[in-house]
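*Asks:*
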Amino acid sequence: MDVLSDLLHRAHARNALVRQLIQRPPWALAFTGAPPLTVVAALGGHASVRLDGAGVAPMRLAPGDIALIGGAHPHTIADDPSTPPQAVIHGSRKHVVGDGEAAAGAQRSLGPRTYGDGLPGATIMLRGACELRGQAGARLLGMLPPLAVVPAGPSTRAALDLLAAEVAPDEPGQDAVLHRLLDLVLVLALRAWCAGPGAAAPSWHRALADPAVGEALRLLHERPARRWTVAELAAGVGMSRAAFAARFRSMVGEPPLAYLTGWRMTLGADLLSDTDATIAAVAREVGYGDAFAFSVAFKRARGVSPSAWRRRAR
Numbered sequence: 000m001d002v003l004s005d006l007l008h009r010a011h012a013r014n015a016l017v018r019q020l021i022q023r024p025p026w027a028l029a030f031t032g033a034p035p036l037t038v039v040a041a042l043g044g045h046a047s048v049r050l051d052g053a054g055v056a057p058m059r060l061a062p063g064d065i066a067l068i069g070g071a072h073p074h075t076i077a078d079d080p081s082t083p084p085q086a087v088i089h090g091s092r093k094h095v096v097g098d099g100e101a102a103a104g105a106q107r108s109l110g111p112r113t114y115g116d117g118l119p120g121a122t123i124m125l126r127g128a129c130e131l132r133g134q135a136g137a138r139l140l141g142m143l144p145p146l147a148v149v150p151a152g153p154s155t156r157a158a159l160d161l162l163a164a165e166v167a168p169d170e171p172g173q174d175a176v177l178h179r180l181l182d183l184v185l186v187l188a189l190r191a192w193c194a195g196p197g198a199a200a201p202s203w204h205r206a207l208a209d210p211a212v213g214e215a216l217r218l219l220h221e222r223p224a225r226r227w228t229v230a231e232l233a234a235g236v237g238m239s240r241a242a243f244a245a246r247f248r249s250m251v252g253e254p255p256l257a258y259l260t261g262w263r264m265t266l267g268a269d270l271l272s273d274t275d276a277t278i279a280a281v282a283r284e285v286g287y288g289d290a291f292a293f294s295v296a297f298k299r300a301r302g303v304s305p306s307a308w309r310r311r312a313r
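Under numbering that gives the first Met the number 0, the sequence shown is numbered contiguously, ending at residue 313.
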């Protein structure tokens with residue numbers, strides 16, 4: 000399994016809230032109390048997304064474009080960056096700022112998960128807000144800028160169409176369907192962003208294209224508990240130990256075993272948070288011979304003991 004697939008598999012969206020917004024210009028909706036990750040997509044018409052206090056220029060969305068907001072940044076979605084907010088939304092609650100039809104439309108329910116005026120010529124938007132699970136999710140969020148825009152593409156557009164079709168129905172299991180579809184949109188958008196020109200993707204993602212280093216990363220993620228040595232990894236990718244170590248470090252930014260330790264700590268932290276496994280069992284799961292060795296490495300990496308980490312997580 001490659002690194003991105005492994006992260007996405009472990010960091011699936013949870014506590015998702017998906018809404019469709021249908022607004023006729025001029026319109027602007029401000030969102031506060033945002034969760035760690037927000038997805039904004041234009042289905043029909045154009046819109047802008049701006050972050051409050053993040054020092055990031057507003058970004059324009061064309062139909063099919065997806066904006067990823069990494070971090071709990073207050074933000075405004077509008078027809079134009081200069082349009083003042085007509086409503087402020089905190090979670091599922093709304094506070095109307097302006098007067099008249101525009102403000103009323105901003106809080107008018109058109110269905111179970113659809114708000115707006117629904118008038119001809121309106122802009123149609125999707126907004127999904129969610130958390131990403133555990134430390135794997137934190138690693139994914141850490142690779143995103145505060146605001147990134149993924150241009151429309153065939154696969155992302157198809158996923159958005161599916162998500163839009165499932166927003167309106169109010170049937171049993173609907174929330175589960177929306178969670179899965181938002182996950183799909185996220186996976187496709189993150190993959191497209193990482194591969195896009197000019198994206199500040201993490202060094203390990205760029206290294207995936209290298210035959211030797213990409214294969215070494217795959218081996219480490221497939222078998223993180225194995226007692227790897229640099230020599231074994233080098234042999235596995237057909238390079239000398241010295242040449243492989245230098246190439247891995249230059250492309251990933253750290254030595255192979257340091258990368259492995261970091262990934263083991265990510266896995267260990269999530270096992271401590273999400274399971275009742277003993278510390279000794281967690282240690283074995285991530286490649287340590289006993290609880291003591293794991294505890295020493297974990298405290299060095301996370302600043303607290305495994306037991307303290309577990310208490311904080313719960």
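Every residue, glycine too, gets a C-beta built ideally from N, C-alpha and C.
Okay, do the stretch 235–244 and the stretch 272–282 touch, 3+ Cβ pairs below 8 Å being the bar?
*Replies:* Judged by Cβ distances under 8 Å, the stretch 235–244 makes no contact with the stretch 272–282, as fewer than three pairs qualify.
*Asks:* Are the Cβ atoms of residue 126 and residue 184 separated by less than 8 Å?
*Replies:* Taking 8 Å as the Cβ cut-off, residue 126 and residue 184 do not qualify as a contacting pair.
*Asks:* On the criterion of 16 or more Cβ atoms from any shown chain inside 10 Å, does residue 168 qualify as buried, or is it exposed?
*Replies:* By the 10 Å Cβ count, residue 168 comes out exposed.
*Asks:* On the DSSP bridge list, what partners appear for residue 114?
*Replies:* For residue 114, which the question treats as bridged, DSSP gives the partners 20 and 108.
*Asks:* Beta-carbon within less than 7 Å of residue 186's beta-carbon, same chain only, minus the 5 sequence neighbours each way: which residues are those?
*Replies:* Excluding residues within five positions, the ones whose Cβ falls inside 7 Å are 7.
*Asks:* Taking 8 Å as the limit between beta carbons, can you name the residues of its chain near residue 14, skipping five residues before and five after?
*Replies:* If we look at residue 14 and ignore the five residues flanking it on each side, its Cβ neighbours are 34, 129 and 130.
*Asks:* Hey, which unbroken runs of the beta strand (DSSP E) at 3 residues or more fall wholly within the stretch 236–281?
*Replies:* DSSP runs (the beta strand (DSSP E)) wholly in the stretch 236–281: none.
*Asks:* Nearest by alpha-carbon distance to residue 178: which of 12, 4 and 2 is it?
*Replies:* Residue 178 has its Cα closest to that of 12, out of 12, 4 and 2.
*Asks:* Straight-line CA distance for residue 28 to residue 108?
*Replies:* Each residue's Cα considered, the two are about 15 Å apart.
*Asks:* Report the CB separation of residue 2 from residue 140 in whole angstroms; it is logged as a contact under 8 Å.
*Replies:* Wrong, their Cβ atoms sit about 15 Å apart, outside the cutoff.
*Asks:* What separation, rounded to the nearest whole angstrom, lies between the Cα atoms of residue 171 and residue 113?
*Replies:* For residue 171 and residue 113, the distance between alpha carbons rounds to 18 Å.
*Asks:* Rounded to a whole number of angstroms, what is the C-alpha to C-alpha distance between residue 74 and residue 87?
*Replies:* Roughly 10 Å separates the two Cα atoms.
*Asks:* Taking Cβ positions, are residue 47 and residue 57 nearer each other than 8 Å?
*Replies:* Result yes, Cβ atoms of residue 47 and residue 57 sit closer than 8 Å.
*Asks:* Check whether the stretch 193–210 touches the stretch 247–263, counting contact only when three or more Cβ pairs, one atom from each stretch, lie closer than 8 Å.
*Replies:* Enough Cβ pairs lie closer than 8 Å, so yes.
*Asks:* Under the DSSP definition of a beta bridge, which residues are partnered with residue 39?
*Replies:* In the DSSP output, where bridge partners are listed per residue, residue 39 has 66 and 126.
*Asks:* Could you check which residue in 4, 37 and 24 has the C-alpha nearest to that of residue 45?
*Replies:* Comparing Cα positions, the closest option is 24.
*Asks:* State whether the stretch 71–85 contacts the stretch 148–161, with contact taken as three or more CB pairs (one from each stretch) at a distance under 8 Å.
*Replies:* Verdict: no, contact absent.
*Asks:* With a cut-off of 8 Å on the beta carbons, I'd call residue 243 and residue 233 a contact; round off their distance for me.
*Replies:* About 4 Å; that satisfies the 8 Å criterion.
*Asks:* Tell me whether residue 156 sits in a helix, a strand or coil according to DSSP, three-state version.
*Replies:* In the structure shown, residue 156 sits in a helix (DSSP, three-state: H, G or I).
*Asks:* Using only the alpha-carbon positions, how far apart do residue 138 and residue 259 sit?
*Replies:* Between residue 138 and residue 259, the C-alpha separation is close to 14 Å.
*Asks:* In angstroms, rounded to a whole number, what distance separates the CA positions of residue 223 and residue 59?
*Replies:* Each residue's alpha carbon lies about 41 Å from the other.
*Asks:* State yes or no: is the C-beta of residue 17 within less than 8 Å of the C-beta of residue 146?
*Replies:* No.
*Asks:* Which term fits residue 269, buried or exposed, when burial requires 16 or more other beta carbons within 10 angstroms of its beta carbon?
*Replies:* By the neighbour-count rule (16 or more Cβ atoms within 10 Å), residue 269 is buried.
*Asks:* Pop quiz: residue 21 and residue 116 are said to be a contact at Cβ under 8 Å. What is the actual Cβ separation, rounded to whole angstroms?
*Replies:* Residue 21 to residue 116, Cβ: 7 Å. Contact.
*Asks:* Could you tell me the distance, in whole angstroms, from the CA atom of residue 176 to the CA atom of residue 159?
*Replies:* Near 13 Å, if we compare the C-alpha coordinates of residue 159 and residue 176.
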